[in-house]
Every structure is written in structure tokens, then in C-alpha cells.
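Numbering-wise (my numbering), the sequence shown opens with residue 249 and increments by one.
Here is the structure we will look at.
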Amino acid sequence: MPSPRFVSVALDIPLLPPLTYKVMEGTSPKIGDRCVVPIGNRSAVGLIVGVSNQTDIAEEKQKSYIRLLNETEALGDSWLKLTKFASDYYQHSWGEVAIAALPPFFRSKPGPKYEQSLERLRKPFKFKKTSQAVPALQLNNEQTAAVETLAASSGFRTFVLHGVTGSGKTEVYLRMMERVFSVNPQAQVLFLVPEINLTPQLQERVRSHFPDRSMATLHSGLANGERARAWLAAHEKRVQILIGTRMAIFADMPDLDLIIVDEEHDLSYKAGDGIRYSARDLAVKLAQLRGIAVVLGSATPSLETWSRVKSGRYHLLTLSKRAVQGAKLPTLSVVNPKNQKLVKGLCSEVIDAISETLQKNEQVIIFLNRRGYAPVLTCPSCGWLSKCPHCSTYAVYHKFHAKLICHHCGWSMPVYSRCPDCGNVDLQPMGAGTQRIEETLEELWPQARILRIDRDTTQRKNAAKLAFDAVHAGDVDILVGTQMVAKGHDFQKVSLVVVLNIDAQLVSANPRSEERAFANLMQVAGRAGRFGLPARMIVQSRFGDRELFAALAEQNYCRYADSLLAIRKAENTVPFVCQALLLADDVKIDKVLEFLSQALRLGEDILAAQVNQQVVIYDPIPMAVMKVADKERGQLLVEASSRGAMGLFLKQWYRVLSEIRSSVHWTMDVDPIDV
Ligand code: ADP
Ligand code: ZN
Ligand code: ZN
């Protein structure tokens, strides 16, 4: 085939459509190859997204690329289509999405030893031999039905595997993979997880189930070299099973035959900055592009997913009971801390239950969604509070480091020995975080072995794994921690779960806050009673009469989700409408609001010209936490009755917005998780 004369190249530059370059003599570029191109007075790696034999560009203005990078296979068709889709949907240029989706090694200009580096990256993975093959479990009827339904389907289909905690979802994923491999021994499987730190157990299970298949992980904790290596291995089909966090959705897997998204409701699937994509949503898109099945698993599916189950777009697979014989879900009691005397913030029921559990040599989990010692330090004599100087929030008191730390911007300083305003030396912590609860537990049960797991205790590599190993080994009596203790773990001896301070989430102005509290509670309840011990869950809350506790007591997700969906439908809000946010920040709030007002006017002009009634733009408002790291932040909410209407509007709007002359920094968030 003769080489084309021109290529179009997508570059990591906002608003820039692919640019045309001449093909360098002696090279034969393909769509999906990378190349180094001159751009302005520099050069950059771009992606070839089109080839042709003619151009409108005048002869003397034509430039050629400097180097073609085709030492690796070209990126595949579905990868190109996926990045193109994401660029349209999330309002970024194709190059911004596609280049950013590559590991740093493949998006940087090649160094002098590029070829040698590539060879090193191709060195085969060394696997630790698994201890021994685990005997295969006999699937129960519901598990079998789930696996058979998937096996009998062909082409694109979205399955929702809804199973209570401990119902054996993981086992179902493994058998589904097995089926896929039995049909196509070369098949590749992408297994997405919320946070890799929390899944060493999962990796071991996959490993021992498929001892002869190559497996790799892809996540942001990897060094650049490791990341490039795993990515390249998937791209070159040397890895069949790829386990990864949201970034792994952009791995290019030529033989991809199945995608699994575990804990599909988890917020970490949505990117919080840069291109704000949802890896779960892109997983469904990718499955559609490839004509394969995708499985979204959860004990508490997101309302978006649940509404699509209800409308028949997604196919529901249900696991209604725990898989281990005799395993029971914990019984729930909600105790009201309001009208009783608390001991260091704990109700007497909680204290008695902990003592009883320790006496029986069983384990306790204390769940509290707030790290640090106390959320704020205060001066009782003048009312001073530990505000962060750079944000509109408080700096959290961390007693063990003797520091005040802002969880929003990272600012920190040694804790004051006296009040900076009045000189009083008796500063008091207000409220409790995990560190303070840990201290309380140590005072009340000095003999107990207490372990705290939160972001502060698990910063070092492997720290989380070692900590969880200690719990599994029975070396811990009381485990106290944040969400990290709630997720995924198959603990053997936990028979009591205590939840403190969930009320902050139940009184929040954010309408989605309660639904997240419910998911957290279901998750943490799921850690108890997994192996036949009768188990209890005690929640300290002033809102015991709320619907969510009734649903939690029955572990009845469907009832709760259905009731929420009915409310959302009546209020005509998500997931029945689509949302997008225009986010802006600057050191001056006036400038932010001025920019947003201008954006609002321009948007309304577009809608008026089209007589478009499917899209509504609301007034600009400051964000809930208005100032972060000295930047004042505001937002504009757009709602549309369909994704199509939203997409069309955003595209036009984006174009006029980028012509506004303003120093304000702005970005768009399509399908935001918080409004
Ligand atoms: P989930 O992912 O739904 O929380 P897991 O897949 O971790 O549940 O399974 C929970 C426990 O049940 C694990 O210890 C697993 O080995 C066990 N298990 C799963 N399926 C079966 C089965 N069919 N028979 C017996 N035990 C099972
Ligand atoms: Zn004071
Ligand atoms: Zn701050």
C-alpha cells in the first residue's frame, strides 16, 4: 500500500482540532501511530488520527512531522473511538484526552535511549507463585444463574450484578472470566476497582484462580516505568487480565472481551480534575464500541445505574443472600446520643457491646468518616477557631503530629500553644476524628489491641496491606477508621460494627449526601458476620426514624433506591435530567461571578436562537466551600432533558466561552457528582 501524503495529528492542546502534517519521506504512518511534530516554536508528541493524500494548506506552509513513533503497534480502533467519544462528551480536544490517556513514557518525546527503554519495558513480568490452588467453590443457584446469563449473551450488553455484601460477587466475576477464556483462550479482561490499595485480597484471588494467565495492575501508585510496562503489556497482548483503577479504562486491549466494574457506585471512578471523566460510564461505552459485555457490580448501585435497570436498559443479576453457609447480616440498632450521658462521646450501649465482643475474642470495627484528632481547635475564652488562612474551612487538629492541617489545600502549621488572639493557653479540640476515638478506646480498653486505618496511617507503600493483614491474622481487636475499613474486606471474626458521627452526612445540604451515607453504612455493615458469627451493628444517630435506617435494618437496597428514585422523578432532577457545571476560580470572587454572568448571557443567547427548551441554565453561585488555596470558586449549573441536547449545547457554548477575555480559570464538569 503506498504511503499517504498527509496525516492529521491530535495534540494535547485545548480547543485545537487535529493538525495536518506532511508524511516524512521513507516512513509509512498508520492511524493510531504516534509522532513528534513541530508546533509553534517547540515540538510535542501527537497522535495520528487520520491520513489523506490532499490538503488545503499552501505548499510553502506545509510542515512534516519530525519523527514517526511506530516501534509499538498502532493504537486500536476502539481505543481511538473511545477517546474521541470522551473528548466530545466531556468537552475537550481529542488530543487532550488521547495524549493524557497515555502513560507518561508514551506521551513524552523519546529520549536518546528510547529503543533500549522499550526493550526493558518488554521484559516479562515475574509472578510470585501462588501458595496453592484454592479448591473451587460450588456456586449457589443465584451465582450460577448470573454466570449462565452472561455466558448465554452475545454482543454488547450491560449487566448489573447486584449482590448484598458477602454474597459472592467476586466468585461470580471469576467464573464469568473463566467462561470468556473458555470461548476465546486469547481473550483479555479489564477488571476495574475503586482503589488498588484495598484490593490485595482480590489480586490474590484472581491470581490463584488463573495461575496460568498473565495478570498486571495499572493505577496511579505505580512508578512511571511500571505503569508504562503494564500498559504496553496490555497493548501487546502479553497480559490477559488487567486489574486497575479508573485510569485503566484507557488501556488499549486489542482482545478485550469482558469488562468488570466492581463497586460501580464508588465515587473514585469519576476524575476530580483535568478531564472529568467517569470510568464506569466509559466502560459501558467501550463495551458498546467493542460489542462485548460489561458487568457493573455493587451492593448499592448508583441511582444512575439503578434507573437504567428500571428502564430495562441494563440487565439485572441478583445475589440476594450471603454465600457462606450460616453467614448472616448484622442486626441493626440505632441509639440516640441526645438524651443520655455519654462517656467520651460514646453511648452506654456502644460501650457495653464493645466490652462483650472483646470478651468473646471477636473483632470490632469502629467507623467514623473523619480523620485527624478533631475537626477544629477552639479557644473557649474568646471564641477563636482554627480557620485555614487560605480556604473558607477549618484546619483539622492532628494531635500526634502536633499540627493543624487543612484537608482542602494541605496547608499546615505546628499547633498553637496559646490562642493567637487572646493568649489563653487552654485551647480545646471540638468534635472527634479517628485519632481522638483511637485515644478514647485506648483509655477505655487498655488491654485491647487497637489499630487505626485511615489516609494518615497508610501513606507509605504497603502500609494498608500490612494493616489489613494484621486484622485478618487476628492480631487486632478493634479496628477504627474511615471509609477505608468499610470497603471490600472479607473479615473472618468481626461481629460488631459501630458507626459514629454519621449525622453530619444526614443533615448536609447536599441532596446526595444521604444516599452516600446509606451506601457507606451498607458497606460497613457488610464487614460483619461474614463467617457465621452472629453480628450486630450499632449506629449513634439522632435520626433513627429516617427511611434509610429502616432499609438498612432489612439490608434492603431496592426499597431505598426505589423510594429515592420516586422522589428524584417527582423533583425532575438527576438521574432523570443531565447536568453539567461550569466551574470558575480566581483570587477575586467578583471576577469569578462576572465571568459566570457573562457565560450565562452567552448561553442564553444560544438557547434563544435555537428556541431550545430542553436546556436550562441556572444563576451563578459560589461553591459550597467557596475558597480553596486562596482561590475563590463559583459555578453555573446547566440541566438538559437528554444527553444529546446537553452535548449539542455544550459544544456551542464552549466555543463562545473560550472567546471571553478574562483571566479567570474555568473548566467544565459533565455529569458532576456534586452540585
Ligand atoms: P462479595 O464480593 O459479594 O462481598 P465475595 O465474593 O468476597 O463476596 O464472597 C464472600 C465470601 O463468600 C468469600 O469468603 C467467598 O469465598 C465465599 N463464597 C463465595 N461464593 C461461595 C459459594 N458458592 N459457596 C461458599 N462460599 C462462597
Ligand atoms: Zn482566645
Ligand atoms: Zn486550606
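Idealized CB from N, CA, C, for every residue including glycine.
Any non-hydrogen atom of ligand 1 within 8 Å of residue i CB
i    : result
Q573 : yes
T413 : yes
A776 : no
D738 : yes
Where residue i falls, given that 16 or more other Cβ within 10 Å makes a residue buried
i    : result
Y866 : exposed
D460 : exposed
M894 : buried
I750 : buried
E419 : buried
F648 : exposed
D723 : exposed
R618 : buried
D838 : exposed
A814 : exposed
I908 : exposed
P623 : buried
V835 : exposed
L714 : exposed
L590 : exposed
Contact test: residue i Cβ vs ligand 3 heavy atom, cutoff 8 Å
i    : result
G658 : yes
V876 : yes
A643 : yes
H649 : no
H638 : yes
C283 : no
C806 : no
Three-state secondary structure assigned by DSSP to residue i
i    : result
H737 : coil
R816 : helix
M732 : helix
A457 : First, the amino acid is wrong: residue 457 is His here, not Ala. The answer is helix: DSSP assigns H457 an H, G or I state.
H340 : coil
V724 : coil
I508 : strand
M495 : helix
E887 : strand
Y645 : strand
V420 : helix
T406 : strand
L748 : strand
C826 : strand
Q753 : helix
H436 : Looking at the sequence shown, residue 436 is not His but Gln. Correct three-state label for Q436: strand.
C283 : strand
V582 : strand
E880 : strand
L544 : strand
Nearest candidate by alpha-carbon position, reference residue i, set the options
i    : options                : result
M272 : I261, D260, P286, L259 : P286
I613 : V746, V255, D723       : V746
P252 : S276, A680, L267, P920 : S276
R790 : P360, L625, L884, V755 : V755
W659 : S890, A643, R666       : A643
A519 : S468, K533, L551       : S468
Q883 : E763, N584, V918       : V918
K270 : F254, L263, D281       : F254
A527 : I540, L544, M463, L905 : L544
S889 : L781, V822, D529       : V822
L830 : I815, P870, C595, L855 : P870
S415 : V299, L855, D325, G736 : G736
Q391 : K417, A399, T413, E367 : K417
H720 : R708, V733, Q339       : V733
W479 : S462, K309, D500       : D500
S201 : L295, A877, V863, L885 : Absent from the model: residue 201. The displayed extent of the chain is 249 to 923, so no value can be given.
G729 : A767, K589, V772       : V772
A799 : S462, A718, V412       : V412
I508 : P442, R524, E610, E452 : P442
H655 : C667, Y664, G681, D669 : G681
Check: residue i C-beta below 8 Å from any heavy atom of ligand 2
i    : result
W342 : no
Please determine if the segment 666-676 and the segment 689-709 are in contact, where contact requires at least 3 C-beta pairs separated by less than 8 Å. Because the criterion of three Cβ pairs below 8 Å is not met, the segment 666-676 and the segment 689-709 do not touch.
Are three or more beta carbon pairs between the segment 381-393 and the segment 487-503 nearer than 8 Å? Because the criterion of three Cβ pairs below 8 Å is not met, the segment 381-393 and the segment 487-503 do not touch.
At least three beta-carbon pairs within less than 8 Å, the segment 388-406 to the segment 480-488: No, they do not touch.
Chain-ordered residues, beta carbon under 6 Å from a heavy atom of ligand 4: Among the ligands modelled here, namely ligand 1, ligand 2 and ligand 3, ligand 4 does not occur.
Report yes or no: do three or more beta-carbon pairs, one from the segment 585-601 and one from the segment 686-697, lie closer than 8 Å? Contact between the segment 585-601 and the segment 686-697 is present: 3 or more CB-CB pairs across the two stretches fall below 8 Å.
Could you say if the segment 781-788 and the segment 563-580 meet the contact criterion of at least three C-beta pairs nearer than 8 Å? Proximity of the segment 781-788 to the segment 563-580 meets the contact definition, three or more beta-carbon pairs being nearer than 8 Å.
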